[in-house]
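Here's the structure we're looking at; comments come further down.
Number of protein chains: 2
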Amino acid sequence: MVASREVQLKSFPTGNMTEENFELATVQVPSPGQGELMVKNLWLSIEAGMRALLHEGDAHFGFGKGKPVRGFAVGQIIQSRHPRFPKGGYITGLCNWQEYYISNGEGMQIIDPNLVPVHHYLTVMGAMAATAYFGLLDVGRIKAGETVGVSAAAGSVGSVACQIAKLTGCRVVGTAGSDEKVDWLINELGIDAAINYKKVDDLQEAMGAACPEGIDVYFDNVAGKSLEAALEVMKPRGRILACGTVHDYDGGGPAGPANYLQITQKRLSVQGFSVLDYMDRMPEYLSRMSGWITEGKVRSRETVYEGIENAVAAWIGLFQGKNIGKMLVKLGDPDKVE
Amino acid sequence: MVASREVQLKSFPTGNMTEENFELATVQVPSPGQGELMVKNLWLSIEAGMRALLHEGDAHFGFGKGKPVRGFAVGQIIQSRHPRFPKGGYITGLCNWQEYYISNGEGMQIIDPNLVPVHHYLTVMGAMAATAYFGLLDVGRIKAGETVGVSAAAGSVGSVACQIAKLTGCRVVGTAGSDEKVDWLINELGIDAAINYKKVDDLQEAMGAACPEGIDVYFDNVAGKSLEAALEVMKPRGRILACGTVHDYDGGGPAGPANYLQITQKRLSVQGFSVLDYMDRMPEYLSRMSGWITEGKVRSRETVYEGIENAVAAWIGLFQGKNIGKMLVKLGDPDKVE
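Protein chains in written order, with our numbering: chain A, 1 to 338; chain B, 1 to 338.
Here it is in structure tokens:
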């Protein structure tokens, strides 16, 4: 038996979630049975989208009151009675927010620690980052010379979207919530313009000034007010890639833009999509992205909280914009395996 | 000189428009000069979409304080000094809400009074009705067997959309605002189900019951609350044809759906479009539609107000749902022409 701390959902949040909605508990994890493995979680992926699943009566992916919070993680196999998952190896997948757990391997992917640092499988090499790749290239079919707008541009998906759009030869304009983020986007990631939406009086005006010819493709992670501004700046027949609605995930109010009429008047398209439809093309993504990382063309940046006791703070912090790049919680270092 | 009454815009409405926003004036219309014609308006087309243009500082199509209201009309040429527009002929196009006017013919189409009654060029043979045709067949690419939802189904565009979708072999479900409209949709136009949204407690539930397998294509004239219900009932990868947002035209509040997130979660597409992009294909439309009318496959229904002094009441009435089918104002009968 191994003692393992886990984050449990005590109550479904209404409006902004708080520490009171969660509880840290300690459970005893038994040894793995035949066909099972014990995993030591090293990194938890903190994701905005998971907040959207946290609704009473409408919970998905195993969320429930009194149950552990669910999320993507990277862990190390520290015991194994499963032939496909050797002890010492690293895996990633959807699991619970736990320090240790038993798995039968279903839905878990083995990852290569020699290709990139293992936590990159939750950042630029992760499925969430692949959202940017498939969204821009497959759904949006962006072309060199087009102007691409990205909301939550300094976030985990947005920052990858910015970099892929630049690599494609687009003019890229991002919005973010701090001067530090704006600085990073422009000076480190090399995008063409970035706007601190908290500092401008009129976001539409600022976006219009940054995109004098309008936006061809808008990679939308947020919806709500920032989408309203973007709709006014879109070119006729522009394409909006509806990736997410961070605006309303954590009690931010309705995500639909008040000026929805612009969609009709400008003949815009809005296309919802999910990376879950591209899982069969993840090898293509991993191959291209690892190449870009190796060549120094894509950078990963993380904001790291330490310890499972700070996982909820990290999640809450995500909605307060405390992350630059990917928000992660580091649970521990890998065990030495003989 | 001919005395002609006209409806002028006195003030831009805020919220619901009222009679006080308009003024009936009498002006003297001179005889046509060389290359001009005098038109006697017979029918005014009352349109929801025109209300969206009536915003101070954001007026289009010639709207302005102290100026005549603009709109589509059918008129008779009663004097002509223009070789292409013979006296006695009928024309349609965008003009002022006037009993008589002088035109140089620009932007006006000659119509054939022998093909269908002339007011049909503002109803099923009009460009607004063609919105339904190009929206469903070209943008939406509806196929036999699909379920098509139509909002404002008893309106001028919606009722044509319902009939074209039925002719294509679709299952058609419409929403409308009175039992009389529902009865007309089901018993006269032959659609599969119709819902009086004013009488149901839960529109989403009612739409779900009427579309047990979900909606493939939603022809949206309204946006707002009815779109929210439809989003919950859409099939994954469903297509939303964003034709209009009647919900917000006349002070109804933001048109964007609160549950915009459904677009991402269900991978829906929303495509804005305008019939103005299909003007070169109007001959195709007129040919098919006149065939359908002749064969009795498409029916036109009008709600008619009489006299230019009632044009504003008709426009206000449109937003109160007082029309079944097309709202028209009849200004007069054609002159006898020797």
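Glycine residues also receive a C-beta, built at the ideal position from the N, C-alpha and C atoms.
Does the beta carbon of residue i sit closer than 7 Å to a beta carbon anywhere in chain B?
i	result
A:F273	yes
A:R51	no
A:R267	yes
A:T245	yes
A:P254	yes
A:A223	yes
A:V270	yes
Taking 7 Å as the threshold (beta carbon to beta carbon), is residue i in contact with chain A?
i	result
B:P13	no
B:P257	yes
B:A242	yes
B:I391	Outside the shown range of chain B, which is 1 to 338, sits residue 391 of chain B, and nothing can be said about it.
B:E260	As written in the sequence, residue 260 of chain B is Tyr, which differs from the Glu given in the question. With 7 Å as the cut-off, B:Y260 counts as an interface residue toward chain A.
Classify residue i: buried if its beta carbon has 16 or more other beta carbons within 10 angstroms, exposed otherwise.
i	result
A:A194	buried
B:D280	exposed
A:G325	buried
B:T26	exposed
B:A52	buried
B:H60	exposed
A:R267	buried
B:G256	buried
B:V337	exposed
A:E309	exposed
B:T18	exposed
A:N259	buried
B:A210	buried
B:A314	buried
B:G62	exposed
A:M1	exposed
B:G350	Nothing in the structure corresponds to residue 350 of chain B, since chain B is present only between 1 and 338.
Identify, in the order they occur along the chain, each residue of the same chain with its Cβ nearer than 8 Å to the Cβ of residue i, setting aside the five sequence neighbours on each side.
i	result
A:I215	T147, V148, G149, V173, M207, A230, V233, M234, K235, G238
A:V298	V124, V160, Q163, I164, L167, M289, W292
A:Q79	S31, P32, L37, M38, K87
A:F22	V7, Q8, L9, K10, V69, V312
B:G332	K40, N41, L42, E99
A:Y249	A48, G49, R51, A52, F319
Might you give, ordered along the chain, the residues of its own chain that have their beta carbon closer than 6 Å to the beta carbon of residue i, omitting 5 neighbours on each side?
i	result
B:R171	T147, D192
B:R81	P32, Q34, E36
B:V340	What is shown of chain B runs 1 to 338, which leaves residue 340 of chain B out entirely.
A:V200	A206
B:N323	T303
Taking the alpha-carbon of residue i as reference, which of the options has the nearest alpha-carbon?
i	options	result
A:G307	A:A48, A:G35, A:L44	A:L44
B:L115	B:G256, B:K336, B:E295, B:T18	B:E295
B:K143	B:V217, B:I110, B:T18, B:I91	B:V217
B:I46	B:G64, B:G71, B:Q28	B:G71
A:L241	B:E188, B:L318, B:Q265, B:T92	B:Q265
A:I263	B:K198, B:V270, B:A209, B:D201	B:V270
A:P334	A:M327, A:P113, A:G177, A:V139	A:P113
B:R5	B:T18, B:G145, B:L24, B:E19	B:L24
A:I344	A:A3, A:V29, A:G49, A:L94	Residue coverage of chain A in this structure runs from 1 to 338, which leaves residue 344 of chain A outside it and unanswerable.
A:R301	A:K181, A:F319, A:G224, A:G140	A:K181
B:G89	B:C95, B:N96, B:M108	B:M108
A:R141	A:G169, A:M327, A:F63	A:G169
A:K65	A:E20, A:Y101, A:V29, A:L94	A:E20
A:L328	A:W97, A:E213, A:S287	A:W97
For a quick check, are the C-beta atoms of residue i and residue j less than 7 Å apart?
i	j	result
A:K330	A:V304	yes
A:Y285	A:A130	yes
A:S103	A:S151	no
B:L261	A:T245	yes
B:A127	B:V275	yes
A:A57	A:F273	Inspection of the sequence shows that residue 57 of chain A is occupied by Gly rather than by Ala. Taking 7 Å as the Cβ cut-off, A:G57 and A:F273 do not qualify as a contacting pair.
B:D277	B:C243	no
B:V74	B:V118	yes
A:L189	A:Y197	no
A:T92	A:I77	no
A:G177	A:G321	yes
Note down, in chain order, each residue of its chain lying with its Cβ closer than 7 Å to the Cβ of residue i, except the 5 sequence neighbours on either side.
i	result
A:R84	G105
A:G251	G15, N16
B:H55	F12
A:E228	P257, A258, N259
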